[in-house]
Each structure stands twice: as structure tokens, then as C-alpha cells.
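Chain order of the listed sequences is A and B. 20 is the number of the first residue of the first sequence in my numbering; add one for each residue after it. 535 is the number of the first residue of the second sequence in my numbering; add one for each residue after it. All residues carry an ideal CB built from backbone N, CA and C; glycine is no exception. The structure displayed is predicted, hence computed values, not measured ones. Working notes, structure below.
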Amino acid sequence: AQSVTQLGSHVSVSEGALVLLRCNYSSSVPPYLFWYVQYPNQGLQLLLKYTSAATLVKGINGFEAEFKKSETSFHLTKPSAHMSDAAEYFCAVSDRRSNYQLIWGAGTKLIIKP
Amino acid sequence: GAGVSQSPSNKVTEKGKDVELRCDPISGHTALYWYRQRLGQGLEFLIYFQGNSAPDKSGLPSDRFSAERTGESVSTLTIQRTQQEDSAVYLCASSQQAGTDTQYFGPGTRLTVL
Chain A
20 AQSVTQLGSH VSVSEGALVL LRCNYSSSVP PYLFWYVQYP NQGLQLLLKY TSAATLVKGI
80 NGFEAEFKKS ETSFHLTKPS AHMSDAAEYF CAVSDRRSNY QLIWGAGTKL IIKP
Chain B
535 GAGVSQSPSN KVTEKGKDVE LRCDPISGHT ALYWYRQRLG QGLEFLIYFQ GNSAPDKSGL
595 PSDRFSAERT GESVSTLTIQ RTQQEDSAVY LCASSQQAGT DTQYFGPGTR LTVL
């Protein structure tokens, strides 16, 4: 069965610093991988997704993620954090064995220090 | 409508009462999903509808939970004889088709069982 592990329930970075949110997955068949963001008092929205094309995926708001099969990882990065990036970020995986149901990580709350 | 809508936005009920939550998906989306998000946790899949196929109910936690969908439109999630552990945010999402299509989320219904 698939699973998703997000390392760190809270990550704190200074404004302007690199953002790195970690996601590791397990899947016995080629996965599809997603990052969603939930801003305070708003619904979930898709940041980016990997669906077996380019391994480096660019998303909205300057975020990107790289699929690394050998490491079973799909870490989310942004070169320079903005205050507006403060939110909760969720990694999710799906594959054909699960009928493409999304399996979610527990989420990482990103805190931006001024 | 422009996005997925859910009602009510908040629901407070007493233990043992039944509640009904509603989801209006994006027009034309054939797939509809219900998730539960407990405080500080990731999303937990409940049930999924795809067109006229039989729904995937594999995530429903007990027989107190049920859901219906009329064609490719509105869905209702019903929880009978609510328990305090049912307190959570219930999220609905829709996508054009199942699989790797992006899921668009509603704002959720926050259920509190006293």
C-alpha cells in the first residue's frame, strides 16, 4: 500500500531563505505525486504535480519539486521565502493500483520569520 | 459555479444526532471525492464517485457514514448517530475525470460533535 511521509510538522525559515519541505513516498508501481497548499482560512489548492513527464516540476508562486525515484522522494523547494508563503503544505501520492485515490501526508506548516 | 461549494460551512451537533453535508462540484466534473481532515492531520479518503460507476466506499470508517450523488451533480455525505470522534473538517473535491486530473477542493464543512 502506498504511504506518504512528510518530515517535520512545522518548518520555520527566515524571509528570503531557501524553503525545503520534505516528502517521501512508498509505492510499488510508478506513482503520481502532488503538492497542495492550504493558506489560512482557505481551501486546498494544487501547487504542482508529477505525472511521469519531466522529473523537475515547476508550480505556482515560484515553487518546484523534483521526483527522485532512487530516493523515493518528491521534496518541495523555493529559492527565497516570502511572508505570503506561510501556509500548510500537503504531499500526496496516487497510482493505478489504488484507482488513483490520493494518499496524503500529514502536512507541514511553513512559518516565515521576518 | 466557478468552484466547488460546500454547505454548511460550520455545523455543531449533539452526540447521537444525524447530520447531512452537501457538496456542489464544478460543473462537468465527473469525479467527486469526500475526505475527512482531523485537527493536525492529513486528509483521510472517505468515498469517491466516478460518473455512473459504483462508488468506491473503501474509506468510510463505519456504517454510520454514507454518501449519495445524483448523476454528476450534488453529493451529500450523511453521518448517522454522530460521535465526538466524528468532529473534523469534511472536504469535498471534484475533478474532470479520476486519475491524474487535478482535484479542486471546496472550503470544507467544520463539524463539531458535542
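- In this structure, Q64 (chain A) lies near V56 (chain A), with their beta-carbon atoms less than 8 Å apart.
- The Cβ-Cβ distance between F583 (chain B) and R603 (chain B) falls below 8 Å.
- Between the alpha carbons of V623 (chain B) and K549 (chain B) lies a gap of roughly 17 Å.
- For K591 (chain B), the closest alpha carbon among the candidates B:G585, B:I581 and B:D597 is that of B:I581.
- In this structure, P641 (chain B) and Q575 (chain B) do not form a Cβ contact; the two beta carbons are roughly 18 Å apart against a cut-off of 8 Å.
- Judged by their CB atoms, A632 (chain B) and A565 (chain B) are nearer to each other than the 8 Å cut-off.
- Taking C-alpha positions only, T91 (chain A) is separated from L645 (chain B) by approximately 36 Å.
- When C-beta distances to chain A are compared with 7 Å, every residue of the stretch 594-605 of chain B stays at or above that value.
- Here the C-alpha atom of W568 (chain B) lies approximately 5 Å from the C-alpha atom of C626 (chain B).
- Of all residues in the stretch 576-590 of chain B, those with a C-beta nearer than 7 Å to a C-beta of chain A are G576, L577, F579, Y582 and D590, reading in chain order.
- Excluding residues up to 5 positions away in sequence, nothing lies with its Cβ nearer than 7 Å to the Cβ of A20 (chain A) in the same chain.
- By the beta-carbon neighbour count (other beta carbons within 10 angstroms, threshold 16), L67 (chain A) is buried.
- The C-beta distance from F82 (chain A) to Y44 (chain A) rounds to 18 Å, too long to fall under 8 Å, and the pair is not in contact.
- Annotated three-state conformation of I79 (chain A) is helix, per DSSP.
- Those residues of the stretch 98-117 of chain A placed with their C-beta closer than 7 Å to a C-beta in chain B are F109, ordered along the chain.
- Residues of chain A with a Cβ closer than 8 Å to the Cβ of G640 (chain B) are, in chain order, G62.
- When CB distances to chain A are screened at a threshold of 9 Å, the residues of the stretch 604-633 of chain B falling below it are L625, A627, A632 and G633, in chain order.
- Taking the Cα positions, T127 (chain A) is about 6 Å away from G27 (chain A).
- For Y44 (chain A), the enclosing beta strand (DSSP E) has its first and last residue at V38 to S45.
- Put simply, the CB of T643 (chain B) is far from chain A, with every gap to its CB atoms at 8 Å or more.
- By the rule that beta-carbons nearer than 8 Å mark a contact, T547 (chain B) does not touch chain A.
- Nearest neighbour of V647 (chain B) by Cα position, chosen from B:P559, B:N544 and B:G537, turns out to be B:N544.
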